[in-house]
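In terms of this note's numbering, the sequence shown opens at residue 1 and continues consecutively.
As structure tokens, the structure follows; a few thoughts come after it.
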Amino acid sequence: MTIPTYKMYIDGKWVSSESGETYTRVNPANYNEVLGKFQQGNEKDVDKAIDAAEEAFEKWREIPPPKRGEILLKAAQLLRQNKEELARIMTREMGKVLMEARGDVQEAIDVCELMAGEGRRLFGRTTTSELRDKFAMTVRLPLGVVACITPWNFPVAIPAWKIAAALICGNTVVFKPSSDTPICAIKFVEILEKAGVPKGVVNLVTGPGGTVGTHLVKSKKVRAVSFTGHRDTGAQILKDAGVGKKIGLEMGSKNPIIIMDDADLKLALDGVIWGAFGTSGQRCTAASRIIVHKKVKQKFERMLIEKTKRLRIGNGLDPKTDVGPLVNKAAQDKVIGYIEIGKNEGAMLCCGGKVPKLNGWFVEPTIFTNTSSDMRIFQDEIFGPVTALTEARNLDDAIDLANAVEYGLSSSIYTKDINNAFHAIKHLEYGITYVNAPTIGAEVHLPFGGAKASGSGWKEVGWTGTEFFSEEKTVFIDHSGKLQRAQIDIG
Ligand code: NDP
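What follows is the structure in structure tokens.
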């Protein structure tokens, strides 16, 4: 079988890399299946993409935002028409089960529609002035060329979050997707091209993060970097970016579900299974810690082990599969490494922990119990189908345990007591808290982002999604006809 060769998209053309070098990628559920050859971009390719974006900016910023919104609406329509094909590509490329891959594409549709509507909002404010005959307001202006650097675990949704928000604000984009999911990135850009995004407005450069990503981040022509990925990569980007550009970081987490003694345990069980093992635990919002009230811990643990053992592992294209593979061999090695660490630290492995004999990078859904806050499996983001149970004495103890990590993206509490719920909402140091639902399940019309080491403070999507990608300029218009001095000419 011939292996297809994919190109990059620069200045409205599908092109090969400057070096002519390519790399290959295989199906994580069947590593004998080679998916394609992809362009190994380098610094020269990045410079071309930045120059194209810079040139396109002056025209693109002049297009009225509602007109830019029409292009995004068209993109949403094309995504809807191609949803099934895109979802199947995604499952083959990064492994998540087909139902979840459809959800990923749906999220991209939702966000394109949401941001199309933002074209008729992009609100500034008008307010009063302390001086007579003086008008005060803010207006939202685009930034210029922005870099969107994305991970593989939501390979259509996350690029759409960033690119749709950047475009509606009038920016032009250089998009650097994960090297693990170039096909999803290429298909998404093809859709933007078909929807009518003019040449140079979105450019796609594939290739390694260490060269393509670093060069993009360091460029003085890039006015903002929107990154989603690992905490360590985010820290490196902060160092490399220097001053003079906005940096938005969405990073990892170690998300807790608290289960109180009054919780509906069956509901909590469904939530934990979905939160911990959905996308094989490879979500930034995955429920990797389960903090259970001591009165129900033993009972819940038994229920969880019993249900986890029934989960079916396999290729995500098979409708019977519950848990797909990990994205690549390095991810599988990392997860297996953490399972060994957990055992050596004295946590009790009570389910899973092995690699099934399949031609893919699978790991069994795994549960540790009797974990404590000093253990690495309690503290570190494992990013695989591994979750850890810890016992709590009461609600305050559970919240202290939940907060005892450096991360702060998503959290959850199962309780029937409204006071417990509001106490948790107030004290959990997380960007997101769910009540009686697991840690995963964000909707695009609400702000998304993490506290502490999970984020840099900017929220993506929702009504805040355009804040990062625009400059809120303050404007004063003095029509008094004389010099008026703020703070001095008062009264
Ligand atoms: P990585 O940080 O490894 O990679 C993310 C992106 O950054 C990729 O495109 C990568 O390119 C690129 N990159 C790598 N090194 C550099 C660099 N030095 N400079 C610039 N760019 C670079 O993350 P993963 O792709 O492995 O994604 C998993 C991580 O993402 C997890 O920690 C997860 O929690 C987090 N995540 C966070 C979310 C959130 O919203 N908070 C949502 C989803 C995931 P390349 O692939 O070529 O290495």
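The beta-carbon is built from N, C-alpha and C at its ideal position, and this holds for glycine as well.
Owing to the predicted nature of the structure, the values given are computational and were not obtained by experimental measurement.
For the ligand NDP, any of its heavy atoms closer than 6 Å to the Cβ of S178? yes
At what residues does the beta strand (DSSP E) containing N203 begin and finish? V202 to L204
Within 7 Å, strictly: CB atoms of V323 and P385: Contact: yes.
Segment contact, 8 Å Cβ cut-off, at least three pairs: the region 10 to 18 with the region 73 to 89: no
When you compare the CB positions of I418 and V435, do they come within less than 7 Å of one another, or not? It is not a contact, given that the beta carbons lie outside the stated cut-off.
From the DSSP output, read off the bridge partner residues of D478. Its beta-bridge partners are K134.
According to DSSP, simplified to helix, strand and coil, what is G171? First, the residue type needs correcting, since residue 171 is Asn and not Gly in the sequence shown. Of the three classes helix, strand and coil, the one that applies to N171 here is coil, per DSSP.
Note down the Cα distance separating A160 from A108, rounded to an integer number of angstroms. 5 Å
Rounded separation between D380 and Q487 - CA only: Those two C-alpha atoms are separated by around 51 Å.
Only counting the same chain, and skipping five residues up and downstream in sequence, which positions put a Cβ closer than 8 Å to that of T308? Within its own chain, the residues whose Cβ lies closer than 8 Å to the Cβ of T308, once the five positions on either side in sequence are excluded, are I273, F277, C351, G352, P365 and I367, listed in chain order.
Taking Cβ to Cβ, would you say I382 is nearer than 7 Å to Y430? no
Which whole-angstrom value describes the C-beta separation of S411 and L428, a residue pair presumed to lie in contact below a C-beta threshold of 8 Å? 4 Å
At a cut-off of 6 Å, would you count P155 as near the ligand GTP, judging by its Cβ distance to the nearest heavy atom? Of the ligands this structure carries, namely the ligand NDP, none is the ligand GTP.
Does any heavy atom of the ligand NDP sit closer than 6 Å to the C-beta of T228? yes
Would you tell me roughly how many angstroms separate the C-alpha atoms of E58 and G41, rounded to the nearest one? Near 26 Å, if we compare the C-alpha coordinates of G41 and E58.
Residue nearest to P142 in terms of C-alpha spacing, selected from A157, E54 and A185: E54
Buried or exposed for F135, please, with buried defined as at least 16 other CB atoms from any protein chain shown within 10 angstroms of its CB. Exposed, by the Cβ-count rule.
Proximal residues to E406 (C-beta, below 7 Å), its chain only, five neighbours per side dropped: K452 and A453
Are there 16 or more other CB atoms within 10 angstroms of the CB of A235, so buried, or fewer, so exposed? exposed
Using three-state DSSP, classify I488 as helix, strand or coil. coil
Whole-angstrom C-beta distance between M303 and L265, which should lie under 8 Å: 6 Å
What number of angstroms, rounded off, separates the C-alpha of K187 from the C-alpha of P155? 10 Å
Host beta strand (DSSP E) of L249 (start-end): Segment K246 to E250, the beta strand (DSSP E) holding L249.
Sorted by chain position, which residues of the same chain lie with C-beta nearer than 6 Å to S129's C-beta, five sequence neighbours on each side aside? The beta carbon of S129 sits closer than 6 Å to those of A136, all from its chain and outside the five residues before and after it, given in chain order.
Taking 8 Å as the cut-off, does the region 330 to 346 touch the region 187 to 202 (at least 3 CB pairs, one atom from each stretch)? Verdict: no, contact absent.
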